[in-house]
Each structure stands twice: as structure tokens, then as C-alpha cells.
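Residue numbering for the sequence shown follows the numbering used here, starting at 6 and increasing by one per position. Ideal Cβ positions, reconstructed from N, Cα and C, are used throughout, including at glycine. Please read the structure below before turning to the comments.
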Amino acid sequence: MTHPLDHLPSAQEVGTYDPETLTHNFSDLHPPLTPRQAMIESQRCLYCFDAPCVEACPSDIDIPSFIRQIGENNINGAAQTILEANILGGSCARVCPTEILCERSCVRNHDAECQPVLIGLLQRHATDHMQFESHPFKRGPTTGHHIAVVGAGPAGLSCAHRLAILGHQVTIFEAEQKPGGLNEYGIARYKMTDDFARKEVAFLLEIGGIDIQYGQRLGDNLDLATLHQRYDSVFLGLGLGASRAMGLTGEDAPGLIPAVDYIKPLRQTDDLGSLAVARRCIVIGAGNTAIDMATQMARLGATEVTLVYRRGVEAMSATDHEQEIAKANGVRMVTWAQPDEILRDEQGLVAGMRFARTAEQAGRLVPTGDTFEIAADAIFKAIGQGFDGASLSDATANELAREGERIQVNAFFRTSLPNVYAGGDCVNPGQDLTVQAVQHGKLAAHAIHQALAAKQEAA
């Protein structure tokens with residue numbers, strides 16, 4: 006089967022950047038703090054008693070405590086504090102939008118400095134430099150219970166780790182051939198370097214009691230009915246696996262592809278020069294994935310990258326920080342424009358896109374009647390991920406109550422089916438953040454443990 010981008014030249018053929026520059030372009034976006042920088046930065050923290058940064062942290066990390074431990078040169082203690090609350094604290098330190106969460110809440114923002122404590126970089130410093138003689142987490146007494154976790158992304162891994170701490174046996178069923186979910190396959194390459202996602206999962210699994218079975222896709226070679234019957238409880242950490250359609254004729258045109266389908270091989274390749282590159286490309290969307298896609302295409306050597314969004318800049322879900330990254334890489338942002346028609350050349354290949362100018366009237370988005378065209382060799386859709394309905398296609402899965410396309414859960418992450426829990430992006434409440442998925446998995450694990458203990462006592 007031909008790939009939608011087979012007709013495009015490789016980064017090496019485009020020749021904008023040599024291999025050394027390509028490697029540099031995908032090196033660490035935010036270089037880590039040196040030990041001295043970390044010590045100095047830790048001393049800026051006021052260790053607030055009612056720390057607003059903790060209130061803003063979706064995973065409830067005791068931020069003042071771990072920063073104080075860094076200031077006391079107790080790196081292992083700081084790492085332990087972080088990981089007890091968030092076992093994926095290392096990756097979250099790299100990808101979490103701290104600028105709109107903990108750092109925005111830092112009281113230093115209101116000081117004469119007008120700059121928060123660099124909490125994200127301090128968290129990374131602790132988790133990067135921890136050196137435990139033995140694994141810091143131990144399995145509890147064996148409960149005899151066996152739990153199935155579907156999905157080895159942040160929610161599933163967090164749930165499995167916490168269940169192992171509580172003494173349960175866990176089997177994770179993962180559709181891909183590697184664990185990590187978006188951390189492995191969907192984060193911009195320059196945000197998660199040096200195979201960090203794999204190393205973090207390897208560390209997590211050292212606790213023992215967790216088995217991962219790869220190539221197991223719910224709705225394909227795996228069904229919820231079987232899991233529900235064979236295991237004491239099931240946790241669904243399915244994420245959002247389907248790319249939304251724009252609803253235009255010709256979306257199957259060669260040269261048009263979901264951004265996540267490009268980022269995945271970009272994350273996995275050992276040869277950046279072999280990747281297909283559009284000299285001129287359009288990215289449709291306004292979130293972090295759109296920013297990641299546009300920035301990475303620019304760093305691969307595209308000469309013209311345009312990000313288009315149907316509303317204004319203030320409505321973009323990508324943070325100001327992310328937008329600045331894109332602008333610094335030469336990405337042009339066009340707002341108040343929505344896709345109207347895919348333009349194709351004589352061979353049927355993508356040649357560009359026609360956009361309709363938009364405006365907001367009484368809170369509603371309306372076309373103004375004006376249109377314009379942008380020429381492009383490729384178009385990348387980054388308009389959000391949807392729930393893959395095929396994963397819940399068996400009779401048991403069909404019984405799950407849904408809110409829209411997502412799975413409905415209560416405050417304890419229980420679904421409408423007994424002994425079935427869910428968390429992460431596949432459930433409704435939340436902001437689709439990695440750190441929030443980790444929290445969902447952790448809380449669901451405690452709910453599963455309590456429910457099983459209560460059932461055992463009743464028996």
C-alpha cells in the first residue's frame with residue numbers, strides 16, 4: 006500500500022539541513038539545569054505552607070518539599086517525593102505545560118522578579134539524577150488478585166504501577182510493540198530525547214508483578230467480554246486513537262495525512278534524513294500537536310510552513326509558550342480561516358488548500374464570504390483525536406455508558422459495568438494532559454484496591 010507522502014522528497018534530498026544540523030534541530034528543547042543552577046533555583050522557592058503550585062498540579066506532587074530536598078542536596082529524596090505522587094514524573098517534567106499550571110500559580114510571579122520558580126526543570130533535575138541503590142518502590146503483600154489493564158500509555162502504566170505497590174498482579178494489553186503511549190509515539194522528538202520514554206517505563210516495571218503483552222488491540226484480537234470474565238478487575242486506558250476528519254471531499258488525497266501519523270515514525274526513526282519532507286506544507290489545528298507538527302517540519306527543512314486555525318490566537322489551545330516555539334522556527338500562523346476545499350494537481354496529489362475567512366458573531370463562528378488559497382505539497386491534520394469506536398465493539402463493551410464518544414466514569418473512575426474502570430483521555434473529565442492521565446490511573450488503582458478489599462471482607 007502506498008503511503009500518502011511517498012511522492013515527497015526525503016529531508017536528505019531537500020537538502021536544507023545537513024545531518025549534523027538535523028541532529029541539532031532535534032536535540033533537547035530545554036537543556037537541563039546544571040547542579041549549581043538547580044541549587045540556586047531551588048533557593049528561590051519560598052516553601053509556601055499553602056502552596057498554590059501544589060493546588061495547580063493535577064498529580065498532587067508536594068512541590069515545596071521536593072524543591073527543599075534539592076536545596077539540601079538530597080536528590081534521591083526529591084525524586085522519591087515526586088515519584089510517589091507521579092511515577093512518570095520524569096516525562097511530565099518534560100512535556101507538562103508547567104507554564105499554565107504550577108509555574109503560573111507560583112507566588113514569585115507577583116514578586117519584583119516576575120518570574121516563577123522553574124518547577125518543571127527542577128523536577129527534571131531530580132528525576133534525571135536520582136541514584137537509588139535498589140528500586141525505591143516495593144510490592145505489597147500478594148493479594149491474589151489479577152487485574153487487566155488495557156493500554157500501556159501514561160494512564161495504564163500509572164494504574165499498573167500503583168496496583169503492583171498494593172500487591173496485585175497486573176497484565177497490561179498494549180496494541181503497539183512498545184509501551185509508553187503518546188510519550189513514546191506522539192510527543193515532539195525534541196521534547197523527549199535519548200530514548201527517555203523507554204527508560205522510564207523500564208524503571209517503572211522494575212517493581213515487578215507487571216506483565217505486558219504487545220500487539221493486543223481491543224476490538225480486534227482482544228475483547229472486553231473476555232477480560233471481564235478472566236480478571237478480577239479491568240482498567241481501560243485506551244487514549245484517543247482516531248484522527249478526526251475535516252469533512253471535505255478528497256481527504257484521502259496523497260499528501261494529506263493526520264499529524265500523529267507523521268510524528269509516530271519521526272519519533273521512531275534513527276535516520277532523520279530519510280523522512281519525507283514537504284517544501285511547502287499546511288498544518289490545520291490549534292493545539293500542541295499542531296504546533297509540534299509545524300515546528301518539526303520546519304526543523305526537518307521545509308521552507309514554508311503555515312499553521313491555520315479557524316478562530317483567533319486567543320482561542321488556541323496551544324499555550325503561548327508553544328506558540329512562541331513555532332514562531333521562533335519560522336512557522337507562519339494564519340487565523341480566522343477554515344478549510345473549504347482541498348486543491349489537487351493533475352496527478353491527484355495535494356497542491357494546496359482553499360480557506361474560507363471566518364468571523365465570530367454572537368459567539369458563533371460564521372464565514373465572511375471571502376476565500377483565499379495557500380499552495381502546499383502536503384497538508385497535516387491536527388484537529389484533535391477522537392475515540393476509536395472499534396475498540397468497544399463487542400457486546401460487553403457496548404454496554405459501557407458513554408458521554409458523547411468517551412467512556413462515562415464516576416468520581417472513582419468506575420464505569421457503568423461492574424469491576425471495569427477507565428481513565429486518561431478516553432474518559433470525559435479533564436484536559437487531555439499526560440499528567441492528568443497519570444493521576445487518573447493512580448486514583449483508579451486505589452479505587453480498584455478498595456473495591457476488591459471490600460468484596461473480600463464481605464465474603
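**Prompt:** Would DSSP call D399 helix, strand or coil?
**Reply:** Three-state result, D399: coil.
**Asked** Exposed or buried, what is Q366 when buried is set at 16 or more other beta-carbons lying within 10 Å of its beta-carbon?
**Response** exposed
**Item:** Three or more C-beta pairs below 8 Å linking the segment 72-88 and the segment 173-191
**Value:** no
**Message:** Taking only three categories from DSSP, how would you classify Q221?
**Reply:** Coil, per DSSP.
**Item:** DSSP bridge partner residues for E179 (one or two, in chain order)
**Value:** Y219
**Request:** With a cut-off of 8 Å on the beta carbons, I'd call S15 and A281 a contact; round off their distance for me.
**Result:** Taking a contact as a CB-CB distance under 8 Å, the pair S15 and A281 counts as one, their CB atoms being some 6 Å apart.
**Request:** Can you give me the Cβ contacts of L106 inside the same chain, cut-off strictly under 6 Å, excluding the 5 residues immediately before and after it?
**Result:** A61
**For H150, the first and last residue of its enclosing alpha helix (DSSP H)** = According to the DSSP assignment, H150 belongs to no alpha helix (DSSP H), since it is labelled neither H nor E.
**Request:** Ignore the nearest five residues each way along the sequence and tell me which others in V371's own chain have a CB closer than 8 Å to its CB.
**Result:** T363, A364, E365
**Prompt:** Rounded to a whole number of angstroms, what is the C-alpha to C-alpha distance between T148 and L168?
**Reply:** 10 Å
**Message:** Among the candidates I215, L253, A250, I388, whose CA atom is the shortest distance from the CA of R315?
**Reply:** For R315, the closest alpha carbon among the candidates I215, L253, A250, I388 is that of I388.
**Item:** Among V155, G260, E211, T26, the one whose alpha carbon lies nearest that of A356
**Value:** G260
**Item:** Contacting residues, own chain, Cβ-Cβ under 6 Å from V100 (five flanking each side not counted)
**Value:** Counting only Cβ-Cβ distances below 6 Å, and skipping sequence neighbours, we find I192, K196, T439.
**Asked** Is it right to say P24 is buried, meaning 16 or more other beta carbons lie within 10 angstroms of its own, or is it exposed?
**Response** exposed
**Asked** For the alpha helix (DSSP H) that contains G429, what are its first and last residues?
**Response** Note, G429: premise wrong, no alpha helix (DSSP H); not H, not E.
**Asked** Can you tell me where the beta strand (DSSP E) with E365 in it begins and where it stops?
**Response** 355-366
**Request:** Look at Q221 and L227 and say whether their C-beta atoms are less than 8 Å apart.
**Result:** yes
**Asked** Three or more C-beta pairs closer than 8 Å, one from the segment 400-408 and one from the segment 437-451: is that the case here?
**Response** no
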